[in-house]
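Heads up: the structure comes next, in structure tokens.
There are 2 protein chains.
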Amino acid sequence: MKVVVTGASGFLGSRVADYLLSDQSPITVTELVLVDIQAPPKRNDPRVSSFALELSAPGSAEQLITKNVAVMFHLAAIVSGHAEADFDLGLRVNFDATRSLLDEARRTNPSLIFVFTSTVGVFGGNLPEVINDLTAVTPQNSYGTAKAMSELLINDCSRKGFVDGRIVRLPTVSVRAGAANRAVTSFASGIIREPLNGERSVCPVPPEQKLWLTSPEVVVKNIVYAATLPDDALGPWRAVNLPGFRVSVHEMLQALKVVAGEKVAALVSFEPVELISNMVASFPAKFDNSRALDLGFAVDKNFADVIRAYIRNDLKRPL
Amino acid sequence: MKVVVTGASGFLGSRVADYLLSDQSPITVTELVLVDIQAPPKRNDPRVSSFALELSAPGSAEQLITKNVAVMFHLAAIVSGHAEADFDLGLRVNFDATRSLLDEARRTNPSLIFVFTSTVGVFGGNLPEVINDLTAVTPQNSYGTAKAMSELLINDCSRKGFVDGRIVRLPTVSVRAGAANRAVTSFASGIIREPLNGERSVCPVPPEQKLWLTSPEVVVKNIVYAATLPDDALGPWRAVNLPGFRVSVHEMLQALKVVAGEKVAALVSFEPVELISNMVASFPAKFDNSRALDLGFAVDKNFADVIRAYIRNDLKRPL
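As they're listed, the protein sequences go chains A and B.
Be aware that the first sequence starts at 1, since it is given in our numbering, and climbs by one per residue.
Be aware that the second sequence starts at 1, since it is given in our numbering, and climbs by one per residue.
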């Protein structure tokens, strides 16, 4: 089948593409279109075409959603810290571009399976101790707000039969390879990735801050798995909180110490940054995973194993 | 102070205007601008100017939100049944027009107190038995969806200091005077109003259907009261479920019998309409009123008193 991935130059988008092209993919891909604001790197696979596309520009949705597209993974987004700094850009990309894709699906391809990556950042404010899929969404950041607005529209368009939407709310992903990004949770990868490269890392939140994490491997599998669910599996509300695990920054560094030694872990220092600390503290860090697990989504075992997988798969180093 | 009311030709909008102009108003109004898609009727009060305005047309927001407006009551909306039938129109008026008002407030008047009337129709799907202000919003209708999207944007704009938003979610209002409208809950007034005029009324939902109601008097007071709250009263989530009371259609007709006699109540017959029954059944009918009552909002005593107030105030008949 023909599959489209937006945000395909990004860390997760490029891995979703890798996974779709691999033998492990639960979807048989005959044609894969990869787009991002900067053209995704060329791939040595005849099924792949990749090009630069500004999703919020007029005509972009029409160009992407042709009648023969079976599944679209819509990952393109302005990340949390960037959306908080540029309200208009965040809303344009995180909401308006999504809306234009939904409009086009309704017009030309209403059976399109549309997988949307949302975020646990839709939660905020006065939260219960444990979040589940029916906890109220009261975001305290513009990124979560635009994602939550998109969720509502996707759900209603799915109810109306304009598209077949599936919304997965992503925990913070760690360990991300590559450079730091403007997500306010970027440090959650930086405090592991940089020390493993022998570099210092400054953590902007206090060590006792709890995070809700997933590994890249598991979240990529889960994003693709969402497309394989029967269209009625999610019921009247098509958003699901993907499984994650709860860990404090202190516990993350303990795991780093266990896996890579005391010297490596000692490369992390703490310099709280108020804007980041406050935003991160407003994100919930404890979820009830049961609905997602019942639906067949996967979950990581522990953070030490996540670090080991990063060393093995991304750094290509022996353990 | 200068106050603007949108949707001011409507049943609630015109009553909000009446109340603001009355001695009972908790807001001292020196200038009142009333707009609607059809010009609100002229009033014999030098403070009032009224004109027709299509809110989603370019320039409308700029025209309304000048620097000296202290409070805007944004009631203009495409009602539930109409929005369900015309998805694009519903989204344009119920969401895009709201967004353009927020944009303009941010540009020219960020201290504007912006009171937005939302709906208990934001709730739907798999609901807990009792709804409170932190129950997840998973609407099963396009009206509730656009209102919920607007809520998110208003809350975020308020957090960013672009506007001072207050969101009140309205129960179904009964008894509405005047003609039936295209709200799917229009029958909740029709089954009382028409029999009291000696006319037959056909109820499209079964008698055991439970509703969550407010009287026009109480809801108008509550809408205006929202503007008088301190700007931090609502905390990190600026939407409040206005108080209401739970009653079944059967109980409403029992109250009609008590107040107006058996012959009047017998003018109501039942012919279930599936689309309406399903939408109404998806609305919740039991709320925890405690947050709204703690904030000082008012609540009705019982439905028989609501009918009596309608007879006295709208029909101008002795009881």
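Beta carbons are placed, not taken as given, at the ideal position from N, Cα and C, and that holds for glycine.
A distance below 6 Å between beta-carbons, with the five flanking residues on each side excluded, links H82 of chain B to the following residues of its chain, in chain order: R182. In this structure, L112 of chain B lies near V71 of chain B, with their beta-carbon atoms less than 9 Å apart.
Here K286 of chain B really is in contact with V130 of chain B; their C-beta atoms are around 5 Å apart, less than 8 Å. By the neighbour-count criterion, in which a residue is buried when 16 or more other Cβ atoms sit within 10 angstroms of its Cβ, K221 of chain B is buried. Contact annotation: S80 of chain B and T119 of chain B have beta-carbon atoms nearer than 9 Å.
The three-state reading of DSSP puts I191 of chain A in helix, counting H, G and I together. The Cβ atoms of L152 of chain A and A148 of chain B lie closer than 9 Å to each other. Taking the Cβ atoms as the reference, F270 of chain B lies roughly 7 Å from P206 of chain B, within the contact range of under 8 Å. In terms of beta-carbon proximity, D133 of chain B lines the interface with chain A, with at least one pair separated by less than 9 Å. Judged by DSSP in its simplified three-state form, V240 of chain A adopts strand. Taking a cut-off of 8 Å for Cβ pairs, the segment 223-243 of chain B and the segment 284-301 of chain B touch, as three or more such pairs fall below it. Judged by their CB atoms, L256 of chain B and L196 of chain B are nearer to each other than the 9 Å cut-off.
Counting C-beta pairs closer than 8 Å gives three or more between the segment 124-140 of chain B and the segment 131-143 of chain A, which meets the contact rule. A Cβ-Cβ contact shorter than 9 Å links L211 of chain B with F283 of chain B. Assigned with DSSP and collapsed to three states, I167 of chain B falls in strand.
If you draw a 10 Å sphere on the C-beta of S9 of chain B, you find 16 or more other C-beta atoms in it, and that means buried.
Straight through space, the alpha carbons of V93 of chain B and V16 of chain B are spaced by roughly 20 Å.
Spatial neighbours of V122 of chain B in its own chain (CB-CB distance under 6 Å, excluding positions within 5 residues in sequence) are listed in chain order as V137, P139, G144, K147, A148. Here DSSP, grouped into helix, strand and coil, assigns I154 of chain A to helix.
A Cβ-Cβ distance of about 5 Å is found for the pair P110 of chain A and F162 of chain A, placing them in contact under the 8 Å criterion. Checking the DSSP bridge columns, you'll see D36 of chain B partnered with B:A52.
The straight-line gap separating the alpha-carbon atoms of G124 of chain B and G165 of chain B is approximately 24 Å.
Listed by position along chain B, the residues whose Cβ is nearer than 8 Å to that of L152 of chain A are V137, P139, T145, A148, M149, L152. Listed in chain order, the beta strand (DSSP E) elements of length 3 or more contained wholly in the segment 239-311 of chain A are 239-241, 245-248, 268-270. Take D288 of chain B, set aside five residues on each side of it, and the residues of its chain with a beta-carbon closer than 6 Å to its own are V130, N132, in chain order.
Residues are counted here when their Cβ sits less than 7 Å from a Cβ of chain B; for the segment 70-88 of chain A these are F87, given in chain order. In this structure, DSSP gives E129 of chain A a state outside helix and strand, which the three-state scheme calls coil. Cβ contact annotation for Y19 of chain B (same chain, cutoff 8 Å, sequence separation greater than five): S25, V220, K221, V224, in chain order. Under the Cβ distance rule, W212 of chain B does not count among the residues neighbouring chain A, no pair being separated by less than 9 Å. By the Cβ-count criterion, A85 of chain B is exposed, with fewer than 16 other Cβ atoms from all chains shown falling within 10 Å of its own Cβ. In chain order, G124, G125, N126, T138, Q140, S282 make up the part of chain B whose C-beta sits under 9 Å from the C-beta of P236 of chain A. The three-state reading of DSSP puts M72 of chain A in strand, counting E and B together.
For D231 of chain B, no CB of chain A lies under 9 Å from its own CB, so it is not counted at the interface with that chain. What R159 of chain A touches in chain B, judged by beta-carbon distance under 8 Å, is Q140, going in chain order. Here E31 of chain B is bridged, per DSSP, to B:K2.
For the segment 303-317 of chain B, the set of residues with a beta-carbon nearer than 8 Å to any beta-carbon of chain A is empty.
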